[in-house]
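Undergrad:
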């Protein structure tokens, strides 16, 4: 615990390696430790990694970083935090709120990460994402809408090929 506290202090001061990924690596090592489990310590490290990831200003990078943080929460058994970040990812990826990018393409990488750790809910997540894309259909430019839908269909093809063909038909 002292080592983790020291690392967080160094990270916050700028004397450490100030990147969320270092925290996720530490949390994974603690969680996978064969000797003793330290759930409070693991949570503390992931929480700090989340705070570091949220410092990113680019929407694409932020969604990617938070997708990895959500995956870490999920792998370590913190399902409520996994769901909390997932719900925020959808908003951030589409530019809902203070970020006005309107790019569903930013959700693809987090969707892939979430699918890897929680495949049973992929169809539900995909439905939510497609619904939001449809609702913001006229926001932003039409070219981005086409790119976003193409990427969503490509992602769908990897999980549900038949559904991807139906989406292609609807898009045409």
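Numbering (the working numbering), first residue to last: 8 to 179.
Note that CB positions come from ideal geometry on N, CA and C, so glycine has one too.
1) So which of 13, 15, 130, 46 has the shortest CA-CA distance to residue 166?
2) Using a threshold of 8 Å, state whether the C-beta atoms of residue 124 and residue 81 are closer than that.
3) By Cβ distance, which residues of its chain are closer than 6 Å to residue 171, with the 5 residues on each side in sequence left out?
4) I need the DSSP call for residue 178, collapsed to helix, strand or coil.
5) Can you give me the start and stop residues for the alpha helix (DSSP H) that residue 140 sits inside?
6) Along the alpha helix (DSSP H) that carries residue 17, what are the first and last residues, could you check?
7) Taking 8 Å as the cut-off, decide whether the C-beta atoms of residue 120 and residue 84 are in contact.
8) Should residue 94 go down as buried or exposed, given a rule of 16 or more other Cβ atoms within 10 Å for buried?
9) Residues in its own chain within less than 6 Å of residue 60 by CB, not counting five upstream and five downstream?
10) For residue 69, tell me which candidate among 117, 52, 89 has the shortest Cα-Cα distance.
11) When the distance is taken between beta carbons, is residue 115 closer than 8 Å to residue 97?
12) Could you compute how far the alpha carbon of residue 78 sits from the alpha carbon of residue 178?
13) Less than 7 Å between the CB of residue 75 and some heavy atom of the ligand COA, yes or no?
14) Going straight from the alpha carbon of residue 15 to that of residue 122, what length do you get?
15) For the alpha helix (DSSP H) containing residue 27, list its first residue and its last residue.
16) For residue 64, count neighbouring C-beta atoms within 10 Å of its own C-beta (all shown protein chains included) and say buried if the count is 16 or more, exposed if not.
TA: Let me lay it out:
1) The count along the chain shown starts at 1 and reaches residue 166 at position 159. Of the candidates 13, 15, 130, 46, the one whose C-alpha sits nearest the C-alpha of residue 166 is 130.
2) In the chain shown, residue 124 corresponds to position 117, counting from 1. In the chain shown, residue 81 corresponds to position 74, counting from 1. A contact, by the Cβ cut-off of 8 Å.
3) As a working mapping, residue 171 is identified with position 164 in the chain shown. Taken in chain order, the residues that qualify are 160, 163, 164.
4) As a working note, residue 178 is residue 171 in the chain shown. Three-state result, residue 178: helix.
5) Within the chain shown, residue 140 is the residue found at index 133, counting from 1. Per DSSP, residue 140 belongs to the alpha helix (DSSP H) from 129–142.
6) Counting from one through the chain shown, the residue named residue 17 turns up at place 10. Its alpha helix (DSSP H) spans residues 9–20.
7) What you label residue 120 is simply residue 113 of the chain shown in a count that begins at 1. What you label residue 84 is simply residue 77 of the chain shown in a count that begins at 1. Their beta carbons are not under 8 Å apart, which means residue 120 does not touch residue 84 by this criterion.
8) Within the chain shown, numbered from 1, the residue matching residue 94 stands at position 87. Classification for residue 94: exposed.
9) Residue mapping note: residue 60 aligns to position 53 of the chain shown, counting from 1. Only 27, 72, 73, 76 meet the Cβ criterion.
10) For the purposes of this step, residue 69 is taken as the residue at position 62 of the chain shown. Checking every option, the nearest Cα to that of residue 69 belongs to 117.
11) By 1-based counting over the chain shown, the position of residue 97 is 90. By 1-based counting over the chain shown, the position of residue 115 is 108. Not closer than 8 Å, so no.
12) In the chain shown, the residue the question calls residue 78 occupies position 71. In the chain shown, the residue the question calls residue 178 occupies position 171. Near 31 Å, if we compare the C-alpha coordinates of residue 178 and residue 78.
13) Absence of the ligand COA from the depicted structure is noted, as is the absence of any ligand whatsoever, leaving it without description.
14) Numbered from its first residue, the chain shown carries residue 15 at position 8. Numbered from its first residue, the chain shown carries residue 122 at position 115. The alpha-carbon atoms of residue 15 and residue 122 are separated by roughly 30 Å.
15) In the chain shown, the residue the question calls residue 27 occupies position 20. Residue 27 -> alpha helix (DSSP H) spans 27–38.
16) Walking along the chain shown from the start, residue 64 turns up at place 57. Exposed, by the Cβ-count rule.
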